[in-house]
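Peer 1:
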Amino acid sequence: MLKHLLKQPKQSELQEIEHVKFLIILKIAYFALAVHVVLIPVFAHIGAVTLAIVNVLSVCAWAGGIFLIKQGLTSLALRVFCLEVVIHSTIVCAMLGLNAGFQFYLWTVSCLLMIDYQLTLKRASLYSVLMIIIFALLYVFFSNTNYPFAYSELLPHIKIINIIIAGLPMIYGMGFIREITLSQRLELTEMAARDPLTKLFNRRFAKKLIMNARKNCVNNNTPLCMAMADIDQFKRINDNYGHDKGDTILVNISRLISEFMSEDDIAVRWGGEEFLLILTQSNERQAFAKIEALRTKIAALEAHPDCPDLKVTMSFGLIEWQPLTPIEKMLQYADSALYESKHSGRNKTTIVHAQSTFFENED
Numbered sequence: 016m017l018k019h020l021l022k023q024p025k026q027s028e029l030q031e032i033e034h035v036k037f038l039i040i041l042k043i044a045y046f047a048l049a050v051h052v053v054l055i056p057v058f059a060h061i062g063a064v065t066l067a068i069v070n071v072l073s074v075c076a077w078a079g080g081i082f083l084i085k086q087g088l089t090s091l092a093l094r095v096f097c098l099e100v101v102i103h104s105t106i107v108c109a110m111l112g113l114n115a116g117f118q119f120y121l122w123t124v125s126c127l128l129m130i131d132y133q134l135t136l137k138r139a140s141l142y143s144v145l146m147i148i149i150f151a152l153l154y155v156f157f158s159n160t161n162y163p164f165a166y167s168e169l170l171p172h173i174k175i176i177n178i179i180i181a182g183l184p185m186i187y188g189m190g191f192i193r194e195i196t197l198s199q200r201l202e203l204t205e206m207a208a209r210d211p212l213t214k215l216f217n218r219r220f221a222k223k224l225i226m227n228a229r230k231n232c233v234n235n236n237t238p239l240c241m242a243m244a245d246i247d248q249f250k251r252i253n254d255n256y257g258h259d260k261g262d263t264i265l266v267n268i269s270r271l272i273s274e275f276m277s278e279d280d281i282a283v284r285w286g287g288e289e290f291l292l293i294l295t296q297s298n299e300r301q302a303f304a305k306i307e308a309l310r311t312k313i314a315a316l317e318a319h320p321d322c323p324d325l326k327v328t329m330s331f332g333l334i335e336w337q338p339l340t341p342i343e344k345m346l347q348y349a350d351s352a353l354y355e356s357k358h359s360g361r362n363k364t365t366i367v368h369a370q371s372t373f374f375e376n377e378d
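Per the working numbering, the sequence shown runs over residues 16 to 378.
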């Protein structure tokens, strides 16, 4: 069901983007290196010794670029690759003509330049357009160049192969952009959904999750319970120990709450020191047992390592959700049960039914 729709990111967005870019460019570099290695004996075989020598230099350029990538100099490596492709394409087209299709690699590097984030968008766009202009100029200068070597009958097939090889890195590039887009979308969703301090769902986003959980429980004919919780005398804790320690307590309690929740349950920082817990597939008895175990665990928790004498407790208001009752009404019932717990001694769980009958439990 929820599982939970959102996962905590293990890396920062920038690290994730750089890692994906590193892998994709490295794959492209190894692929291009292999192509140039193959071209050396091919050109030598057809008698194009000059082009064989050019490809030896190309292999050195791509090997050097791979070394730069592994040293963390990806941007510099990209520029080495682009320069190599421009020189290689120009020389090959000058000697073989355009029917072999080596000019299409310029489109590939024009796309790769756009993922060099050390270039401004304006400069990257300018360089990419320059690649396309060079591509067009090759047709201006070499459109009448005839292929002078052996196996001229294979030129249409060679052109198709070159188009495919030139297109594969562009597909990798689009895959990179797709990964970036998905990563940023998840990051933005995470930021919108989570409370930055406790990492629990925030109030605004949680309502949608709660309604989805309720719908699933109604459709599957399974119970669902709602518990409103509040840290007892939290204002006094902040006043006496400081807000930094208060924040640490919020984080520790939130972590404990998360440990007690199943993957389909929903834990929300409702506001300040108040929390809302949605216990799916749990009837009143099951939810009460879980809440009581949580309440007991919180009472025994070392709230802050610097304040061993500081003990924190929580009060709870619990209600089983009736299918036809609106969420606003259920929140009122849970809040009234919490109010009863707070004003009858704290550190207890009060169960309320839709008829506002209270049942209390305390140590």
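For every residue, glycine included, the Cβ atom is placed at its ideal position computed from N, Cα and C.
#1: Give me the DSSP bridge partner(s) of residue 251.
#2: Would you say residue 274 and residue 298 are within 8 Å of each other, going by their C-beta atoms?
#3: If you run the structure through DSSP and keep just helix, strand and coil, what is residue 330?
#4: Applying the 10 Å Cβ sphere with the 16-neighbour rule, what's the burial state of residue 364?
#5: What is the residue span of the alpha helix (DSSP H) that residue 157 lies within?
#6: Return the CA-CA distance between residue 62 and residue 176, expressed in angstroms with no decimal places.
#7: Near residue 286, what residues of its chain come up, given a Cβ to Cβ distance below 8 Å and the 5 sequence neighbours on each side ignored?
#8: To the nearest angstrom, how far is it from the Cα of residue 20 to the Cα of residue 211?
#9: Please name the residue, chosen from 290, 114, 52 and 162, that lies closest to residue 242 on a Cα-to-Cα basis.
#10: Under 6 Å Cβ to Cβ from residue 269, same chain only, skipping five residues before and after it: list those, please.
#11: For the beta strand (DSSP E) holding residue 130, just list the boundary residues, first then last.
#12: In the DSSP output, which residue or residues are listed as bridge partners for residue 286?
#13: May I ask you to report which of helix, strand or coil DSSP gives residue 303?
#14: Once you ignore the five residues that flank residue 271 on each side, which residues in its own chain have a CB closer than 8 Å to its CB?
#15: Give the secondary structure of residue 346 by DSSP, where H, G and I count as helix, E and B as strand, and everything else as coil.
#16: Can you list, in chain order, the residues of its chain whose CB lies under 8 Å from that of residue 3, leaving out five sequence neighbours each side?
#17: Quick one: grab the DSSP three-state call for residue 361.
#18: Between 341, 133, 112 and 183, which lies nearest to residue 150 when the distance is taken from Cα to Cα?
#19: On the three-state DSSP scale, how would you describe residue 278?
#20: From 294, 238, 259 and 173, pick the residue whose C-alpha is nearest to that of residue 276; which is it?
#21: For residue 296, which option in 229, 181, 58 and 333 has the closest C-alpha, if you only look at C-alpha atoms?
#22: State yes or no: is the C-beta of residue 108 within less than 8 Å of the C-beta of residue 157?
#23: Compute the distance between the beta-carbons of residue 181 and residue 135, then report whether it is under 8 Å.
#24: Apart from the five residues on each side of it in sequence, which residues of its chain come closer than 7 Å, Cβ to Cβ, to residue 103?
#25: Using three-state DSSP, classify residue 322 as helix, strand or coil.
#26: By the DSSP assignment, the beta strand (DSSP E) with residue 242 in it spans what residues?
#27: With a cut-off of 8 Å, do at least 3 Cβ pairs link the stretch 114-121 to the stretch 158-177?
#28: Could you give the DSSP three-state label for residue 311: helix, strand or coil?
#29: Comparing C-alpha positions only, which one of 189, 332 and 328 sits nearest to residue 267?
#30: What residue from 322, 221 and 232 has the CA that sits closest to residue 263's CA?
Peer 2: Here's the rundown:
#1: None, per the DSSP bridge assignment.
#2: When the beta-carbon positions are compared, residue 274 and residue 298 stay at least 8 Å from each other.
#3: strand
#4: buried
#5: 136-157
#6: 20 Å
#7: Annotation for residue 286: 218 place their beta carbon closer than 8 Å to its own, counting only its chain and skipping 5 residues before and after.
#8: Summary for residue 20: the model assigns pLDDT 42, below 50, so the residue's position carries little reliability; its value from the coordinates is reported in the next sentence. The alpha-carbon atoms of residue 20 and residue 211 are separated by roughly 17 Å.
#9: Considering only alpha carbons, the answer is 290.
#10: 213 and 215
#11: Here residue 130 belongs to no beta strand (DSSP E), and DSSP marks it neither H nor E.
#12: 289
#13: helix
#14: 309, 312, 313 and 316
#15: helix
#16: Any question about residue 3 goes unanswered here, given that the chain covers just 16 to 378.
#17: coil
#18: 112
#19: It is coil, neither helix nor strand.
#20: 294
#21: Ranking the options by Cα distance to residue 296, first place goes to 229.
#22: yes
#23: no
#24: 69 and 73
#25: Coil at residue 322, not helix or strand.
#26: 239-246
#27: yes
#28: In this structure, residue 311 counts as helix in the three-state DSSP scheme.
#29: 328
#30: Ranking the options by Cα distance to residue 263, first place goes to 322.
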